[in-house]
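J.: This is the structure I have questions about; it appears just below.
Protein chains: 2
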Amino acid sequence: MSAITYELVKTDPETGARAGILHTPHGSFPTPIFMPVGTQGSVKGVSPEEVKELGGNIILGNTYHLFLRPGSELVKEMGGLHKFMNWDGAILTDSGGFQVFSLGELRKITEEGVTFRSHIDGSKKFLSPEVSMKVQMDLGSDIVMAFDECIPYPADYEYAKRSTERTTRWAKRCKDAMTSPDQGLFGIVQGGMYKDLRTQSVKELVELDFPGYAVGGLSVGEPKDLMYEMLDHTVKQLPENKPRYLMGVGTPDCLVEAVMHGIDMFDCVFPTRVARNGTAMTWDGRLVMKNSEHTHDKRPIEEGCDCYACRNYSRAYIRHLVRANEIFGLRLLSIHNLRFLQRFTAAMREAIIEERFGNFRREFLNNYIYGSKSKQED
Amino acid sequence: MSAITYELVKTDPETGARAGILHTPHGSFPTPIFMPVGTQGSVKGVSPEEVKELGGNIILGNTYHLFLRPGSELVKEMGGLHKFMNWDGAILTDSGGFQVFSLGELRKITEEGVTFRSHIDGSKKFLSPEVSMKVQMDLGSDIVMAFDECIPYPADYEYAKRSTERTTRWAKRCKDAMTSPDQGLFGIVQGGMYKDLRTQSVKELVELDFPGYAVGGLSVGEPKDLMYEMLDHTVKQLPENKPRYLMGVGTPDCLVEAVMHGIDMFDCVFPTRVARNGTAMTWDGRLVMKNSEHTHDKRPIEEGCDCYACRNYSRAYIRHLVRANEIFGLRLLSIHNLRFLQRFTAAMREAIIEERFGNFRREFLNNYIYGSKSKQED
Numbered sequence: 001m002s003a004i005t006y007e008l009v010k011t012d013p014e015t016g017a018r019a020g021i022l023h024t025p026h027g028s029f030p031t032p033i034f035m036p037v038g039t040q041g042s043v044k045g046v047s048p049e050e051v052k053e054l055g056g057n058i059i060l061g062n063t064y065h066l067f068l069r070p071g072s073e074l075v076k077e078m079g080g081l082h083k084f085m086n087w088d089g090a091i092l093t094d095s096g097g098f099q100v101f102s103l104g105e106l107r108k109i110t111e112e113g114v115t116f117r118s119h120i121d122g123s124k125k126f127l128s129p130e131v132s133m134k135v136q137m138d139l140g141s142d143i144v145m146a147f148d149e150c151i152p153y154p155a156d157y158e159y160a161k162r163s164t165e166r167t168t169r170w171a172k173r174c175k176d177a178m179t180s181p182d183q184g185l186f187g188i189v190q191g192g193m194y195k196d197l198r199t200q201s202v203k204e205l206v207e208l209d210f211p212g213y214a215v216g217g218l219s220v221g222e223p224k225d226l227m228y229e230m231l232d233h234t235v236k237q238l239p240e241n242k243p244r245y246l247m248g249v250g251t252p253d254c255l256v257e258a259v260m261h262g263i264d265m266f267d268c269v270f271p272t273r274v275a276r277n278g279t280a281m282t283w284d285g286r287l288v289m290k291n292s293e294h295t296h297d298k299r300p301i302e303e304g305c306d307c308y309a310c311r312n313y314s315r316a317y318i319r320h321l322v323r324a325n326e327i328f329g330l331r332l333l334s335i336h337n338l339r340f341l342q343r344f345t346a347a348m349r350e351a352i353i354e355e356r357f358g359n360f361r362r363e364f365l366n367n368y369i370y371g372s373k374s375k376q377e378d
Numbered sequence: 001m002s003a004i005t006y007e008l009v010k011t012d013p014e015t016g017a018r019a020g021i022l023h024t025p026h027g028s029f030p031t032p033i034f035m036p037v038g039t040q041g042s043v044k045g046v047s048p049e050e051v052k053e054l055g056g057n058i059i060l061g062n063t064y065h066l067f068l069r070p071g072s073e074l075v076k077e078m079g080g081l082h083k084f085m086n087w088d089g090a091i092l093t094d095s096g097g098f099q100v101f102s103l104g105e106l107r108k109i110t111e112e113g114v115t116f117r118s119h120i121d122g123s124k125k126f127l128s129p130e131v132s133m134k135v136q137m138d139l140g141s142d143i144v145m146a147f148d149e150c151i152p153y154p155a156d157y158e159y160a161k162r163s164t165e166r167t168t169r170w171a172k173r174c175k176d177a178m179t180s181p182d183q184g185l186f187g188i189v190q191g192g193m194y195k196d197l198r199t200q201s202v203k204e205l206v207e208l209d210f211p212g213y214a215v216g217g218l219s220v221g222e223p224k225d226l227m228y229e230m231l232d233h234t235v236k237q238l239p240e241n242k243p244r245y246l247m248g249v250g251t252p253d254c255l256v257e258a259v260m261h262g263i264d265m266f267d268c269v270f271p272t273r274v275a276r277n278g279t280a281m282t283w284d285g286r287l288v289m290k291n292s293e294h295t296h297d298k299r300p301i302e303e304g305c306d307c308y309a310c311r312n313y314s315r316a317y318i319r320h321l322v323r324a325n326e327i328f329g330l331r332l333l334s335i336h337n338l339r340f341l342q343r344f345t346a347a348m349r350e351a352i353i354e355e356r357f358g359n360f361r362r363e364f365l366n367n368y369i370y371g372s373k374s375k376q377e378d
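So the protein sequences, as listed, match chains A and B.
Residue 77 in this note's numbering is what sits at position 77 of the first sequence, and the numbering runs on without skipping anything.
Residue 134 in this note's numbering is what sits at position 134 of the second sequence, and the numbering runs on without skipping anything.
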């Protein structure tokens, strides 16, 4: 029995959207699920208790960052990432692959792994399937991601094929290197924007029988239509009894589309990053809190939201904090935005269970994209 | 009956240090008391609930900052500063005088008041006793500070005398302008480093019968010995049944000396400012959290501290957060440092009540100043 299992509760007959339960060594959580990102062992500006209170129950840690600083051996010595950062929920760690490949000229890929220079001090470092597994075992995350190569967009067919096949070989090496029974290793489907390569990648990874699968190499600059086409093509071939994770996606419109295509899990820095820019996420679209329209507004960021920020503070106050560069303002917005995505995934789940996800999606997109505008026209 | 009253509980027979209770419309609090600073309507990085939990019960707001942004009329419209910032404890607001005079060349003082340029947008602004009272009434603070002129150090006798006498005239204008019965107006003793002017200032202000007195114009660059000499000379002449407030002082060594001289109230940005620089305050002196000595340290910042940071996080983790520029690290250090000053003032109070303040002071100073060094020599 794997450390990670997925229980399918309901598939929406119209769209294929799924409601399920993700079982981990640190709790069982309803899906679709959004995972707040704690890149360096902290969800930026938010305490573990606040993440819990806003409904977050599985967070993401970044292998690349923690490998460089403070180093996985230190985290292990301190009792693992859960204990180090005082988080008793579940943790998913990525493999470091995506960050390393994003370094561009600063890294060199061979069959063995990737040599790169640290963005912190320029020192030479090496990541490979075996090193990534070792780091993730040191961190002690519940869900471990295979070390893959993220194919850039655009990429020619030959490159994409060679890379996809190497990702499979690396996935096998990850599986061999992962010796901790308390951690579940997810495979990552690649294949670029080529359907036959996506099919090949799925087949090879499913043969390796991972407890979950991520769809990688999407949201890397391709048109959204192409992304959804690839997603649909890929997800349809994934086993029904395993969770499906779309990495790095966190805008509500992308979430609802991906859920429609059968995705269960998401992570993204988007909600906390835009919060630090003074932007709030709402069902009607984004609110730029600096705008003068909020100056005298006694209402919370969003009526009906039950987050700490909306329960206690006015738009006028949050606008003041953002303008005055008070970090408490960024905390309030981070809490609100993360809570918004929890409420949003919970609403999607309810709609799936009640067989009205198609309507939910249409109404949401209409309101989210045109909501603010139509209100102005009232 | 004034909105603010002071109850003297005990005077240490050896030193004259006082334990008392400060009664405000938002609660009664033991003194000596340290007030965390919430310059712009937020104690930097710390929520109101966290301030409460760490023992803070009266915070300071800055008239200068709130006057410029968001403006006191907006705060009034939003229900006052307590409601605006979700703080149900007490609030003391300064008069704006200190900040305005600190602007140097950017301001011009006349008998009527001070014309200055905003540091935010350069626009021309005017503060006077009447304007300061109006702003502080809009803010609705429990304790209002008179609009005074802070005499720089050094200053010649003639200047100091003229300025001190104007501060008295302004104090009278403040008293006339303050019409809110729920707010207590404190006078501010000036007089520079001249004992006869200090005596004159005390006499004139005591005649105006304020519910509390601040000692102003100290800790402005003068040698510490001179500061304590002036403090001692001034405080001795203040009425016993009124609280005494030393503005802008927040290092433990200054606090213990000032308490010895009969001061009851303090405020300072020091604990939160050094926290943002990665420094922790402890009974043994300051800890620079970035230092490599903390790399593997599983201990809390300070053994025996009951703050949120010390209950849940290791020095190793906090060091990591500080090095990685994670704002959660600054929050943990801010909470710890503010809690440290609460524990410190509580310990002073206990020592006063138990008539052992003199010993407490000597032991503390010995440990605080030489503690870390002697431990290294062990």
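Even for Gly, the Cβ is constructed at its ideal location relative to N, Cα and C.
Can you give me the Cβ contacts of residue 139 of chain A inside the same chain, cut-off strictly under 8 Å, excluding the 5 residues immediately before and after it?
T.: Mapped onto the first sequence, residue 139 of chain A falls at position 139. For residue 139 of chain A, where only same-chain residues beyond five positions count, the Cβ hits under 8 Å are 61, 63, 66, 72, 75, 76, 80, 81, 91, 93.
J.: So, does the CB of residue 290 of chain B fall closer than 8 Å to a CB anywhere in chain A?
T.: Taking the first residue of the second sequence as position 1, residue 290 of chain B is located at position 290. By this cut-off, residue 290 of chain B is not an interface position.
J.: Please name the residue in B:2, B:1, B:20, B:3 whose C-alpha comes closest to that of residue 240 of chain B.
T.: Numbered from its first residue, the second sequence carries residue 240 of chain B at position 240. The shortest C-alpha separation from residue 240 of chain B is found at B:20.
J.: Out of curiosity, what's the CA-to-CA distance linking residue 185 of chain A and residue 327 of chain A?
T.: What you label residue 185 of chain A is simply residue 185 of the first sequence in a count that begins at 1. What you label residue 327 of chain A is simply residue 327 of the first sequence in a count that begins at 1. Between residue 185 of chain A and residue 327 of chain A, the C-alpha separation is close to 37 Å.
J.: At a Cβ threshold of 8 Å, is residue 373 of chain A touching chain B?
T.: Position 373 of the first sequence, counted from the first residue, corresponds to residue 373 of chain A. At residue 373 of chain A, the pLDDT of 42 sits below 50, so the modelled position is not reliable; the number obtained from the coordinates is stated separately. No, no contact with chain B.
J.: Counting C-beta neighbours from all protein chains within 10 Å, is the total for residue 125 of chain B 16 or more, i.e. buried, or is it exposed?
T.: Counting from one through the second sequence, the residue named residue 125 of chain B turns up at place 125. That one is buried.
J.: Anything in chain A within Cβ reach of residue 64 of chain B, meaning under 7 Å, just list it in chain order.
T.: In the second sequence, residue 64 of chain B corresponds to position 64, counting from 1. Those do not exist, as residue 64 of chain B stays about 13 Å from chain A at its closest Cβ, beyond 7 Å.
J.: So, at 7 Å on beta carbons, what are the nonlocal neighbours of residue 335 of chain B in its own chain, with the 5 sequence-adjacent residues on each side left out?
T.: Position 335 of the second sequence, counting from 1, holds the residue named residue 335 of chain B. Around residue 335 of chain B: 46, 50, 54, 307, 308, 309.
J.: Can you grab the Cα-Cα spacing for the pair residue 260 of chain A / residue 293 of chain B, in whole Å?
T.: For the purposes of this step, residue 260 of chain A is taken as residue 260 along the first sequence, with counting starting at 1. For the purposes of this step, residue 293 of chain B is taken as residue 293 along the second sequence, with counting starting at 1. Using only the alpha carbons, I get a separation of about 52 Å.
J.: Can you list, in chain order, the residues of the region 83 to 109 of chain A whose Cβ is nearer than 8 Å to any Cβ on chain B?
T.: So the list reads 84, 85, 86, given in the order they occur along the chain.
J.: Could you name the residues of chain A that residue 205 of chain B contacts, counting a contact when the two beta carbons are closer than 8 Å?
T.: Residue mapping note: residue 205 of chain B aligns to position 205 of the second sequence, counting from 1. Correct list: empty, because the minimum Cβ distance to chain A is about 33 Å.
J.: Just to check my reading of the structure: residue 194 of chain A and residue 160 of chain A have Cβ atoms closer than 8 Å, yes? What is that Cβ distance to the nearest angstrom?
T.: Residue 194 of chain A sits at position 194 when you count from the first residue of the first sequence. Residue 160 of chain A sits at position 160 when you count from the first residue of the first sequence. Right, their Cβ atoms sit about 6 Å apart.
J.: Are there any heavy atoms of the ligand GTP lying less than 7 Å away from the beta-carbon of residue 214 of chain B, as far as the coordinates show?
T.: You won't find the ligand GTP in this model; it holds no ligand whatsoever.
J.: By the 10 Å Cβ neighbour count, where 16 or more other Cβ atoms means buried, how is residue 234 of chain A classified, buried or exposed?
T.: On the first sequence, residue 234 of chain A is found 234 positions in, with the first residue counted as 1. Burial call: buried.
J.: Can you tell me where the beta strand (DSSP E) with residue 24 of chain A in it begins and where it stops?
T.: Locating residue 24 of chain A in the first sequence gives position 24, counting from the first residue. Element bounds for residue 24 of chain A: 18 to 24.
J.: Rounding to the nearest angstrom, what Cα-Cα distance links residue 228 of chain A and residue 258 of chain A in this structure?
T.: Residue numbering aside, residue 228 of chain A sits at position 228 when the first sequence is read from its first letter. Residue numbering aside, residue 258 of chain A sits at position 258 when the first sequence is read from its first letter. Distance between the alpha carbons of residue 228 of chain A and residue 258 of chain A: 7 Å.
J.: Closer than 8 Å, CB to CB, is residue 78 of chain A near chain B or not?
T.: To locate residue 78 of chain A, count along the first sequence from 1; it is residue 78. By this cut-off, residue 78 of chain A is an interface position.
J.: For residue 363 of chain A and chain B, any beta-carbon pair shorter than 8 Å?
T.: Looking up residue 363 of chain A in the first sequence gives position 363. No, no contact with chain B.
J.: May I have a chain-ordered list of the beta strand (DSSP E) segments no shorter than 3 residues that lie completely inside the region 178 to 254 of chain B?
T.: Qualifying beta strand (DSSP E) stretches, in chain order: 184 to 189, 213 to 215, 244 to 246.
J.: For a contact defined as C-beta to C-beta under 9 Å, what are the partners of residue 298 of chain A on chain B?
T.: As a first step, residue 298 of chain A must be located in the first sequence, where it is residue number 298. 77, 78, 79, listed in chain order.
J.: Any residues in the region 134 to 167 of chain A with a beta carbon nearer than 7 Å to a beta carbon of chain B? Which ones, in chain order?
T.: Here the close residues number zero.
J.: In the DSSP assignment, what residue or residues form a beta bridge with residue 7 of chain A?
T.: Locating residue 7 of chain A in the first sequence gives position 7, counting from the first residue. Residue 7 of chain A pairs with A:21.
J.: Spell out whether any CB of chain A is found under 8 Å from the CB atom of residue 379 of chain B.
T.: A question about residue 379 of chain B goes unanswered here, because the residues of chain B that appear run from 1 up to 378.
J.: Is the beta carbon of residue 201 of chain A less than 8 Å from the beta carbon of residue 167 of chain A?
T.: Locating residue 201 of chain A in the first sequence gives position 201, counting from the first residue. Locating residue 167 of chain A in the first sequence gives position 167, counting from the first residue. Yes; because the gap between Cβ atoms is below 8 Å, this pair is in contact.
J.: So the beta strand (DSSP E) residue 72 of chain A belongs to, where does it begin and stop?
T.: Here residue 72 of chain A corresponds to residue number 72 of the first sequence, with the count starting at 1. That residue, residue 72 of chain A, is in no beta strand (DSSP E); its alpha helix (DSSP H) goes 72 to 77.
J.: Since residue 44 of chain B meets chain A, which of its residues come closer than 8 Å, beta carbon to beta carbon?
T.: Position 44 of the second sequence, counted from the first residue, corresponds to residue 44 of chain B. Result: 326, 327, 328.
J.: Among the residues of its own chain, which have a CB less than 7 Å from the CB of residue 367 of chain A, if the five just before and after it don't count?
T.: Translated into the one-based positions of the first sequence, residue 367 of chain A becomes position 367. Result list for residue 367 of chain A: 283, 284, in chain order.
J.: Please classify residue 178 of chain A as buried or exposed, where buried requires at least 16 other C-beta atoms within 10 Å of its C-beta.
T.: Here residue 178 of chain A refers to the residue found at position 178 when the first sequence is read from its first residue. Classification of residue 178 of chain A: buried, given that the 10 Å Cβ count is 16 or more.
J.: Any beta carbon from chain A within less than 8 Å of residue 47 of chain B's own beta carbon?
T.: For this step, residue 47 of chain B is matched to residue 47 along the second sequence. So yes, residue 47 of chain B belongs to the interface.
J.: Residue 7 of chain B and residue 23 of chain B look like a contact to me (Cβ under 8 Å); what is the Cβ gap, rounded to whole Å?
T.: Looking up residue 7 of chain B in the second sequence gives position 7. Looking up residue 23 of chain B in the second sequence gives position 23. Their Cβ separation, rounded to whole angstroms, is 7 Å, which keeps residue 7 of chain B and residue 23 of chain B in contact under 8 Å.
J.: Name the residue from B:103, B:39, B:212 whose alpha carbon lies nearest to the alpha carbon of residue 242 of chain B.
T.: Position 242 of the second sequence holds residue 242 of chain B. The option with the nearest alpha carbon to residue 242 of chain B is B:212.
J.: On the CB-based measure, 16 or more other CB atoms within 10 Å of its CB, does residue 52 of chain B come out buried or exposed?
T.: Within the second sequence, numbered from 1, the residue matching residue 52 of chain B stands at position 52. Looking at its Cβ environment, which holds fewer than 16 other Cβ atoms inside 10 Å, residue 52 of chain B is exposed.
J.: Rounded to whole angstroms, what's the CA-CA distance from residue 231 of chain A to residue 84 of chain A? Just pull it up for me.
T.: The residue labelled residue 231 of chain A in the question sits at position 231 within the first sequence. The residue labelled residue 84 of chain A in the question sits at position 84 within the first sequence. If I take the Cα positions, the gap works out to 36 Å.
J.: Counting only beta-carbon atoms, is residue 320 of chain B nearer than 8 Å to chain A?
T.: As a position in the second sequence, residue 320 of chain B is number 320, starting the count at 1. Chain A contact via Cβ: present.
J.: Let me check one thing: in DSSP terms, what residues is residue 60 of chain A bridge-paired to?
T.: Here the question's residue 60 of chain A lines up with position 60 in the first sequence. Answer by DSSP bridge pairing, in chain order: A:37, A:92.
J.: Does the distance from the C-beta atom of residue 281 of chain B to that of residue 318 of chain B stay below 8 Å?
T.: Against the second sequence, residue 281 of chain B aligns to sequence position 281. Against the second sequence, residue 318 of chain B aligns to sequence position 318. No. Outside cutoff.
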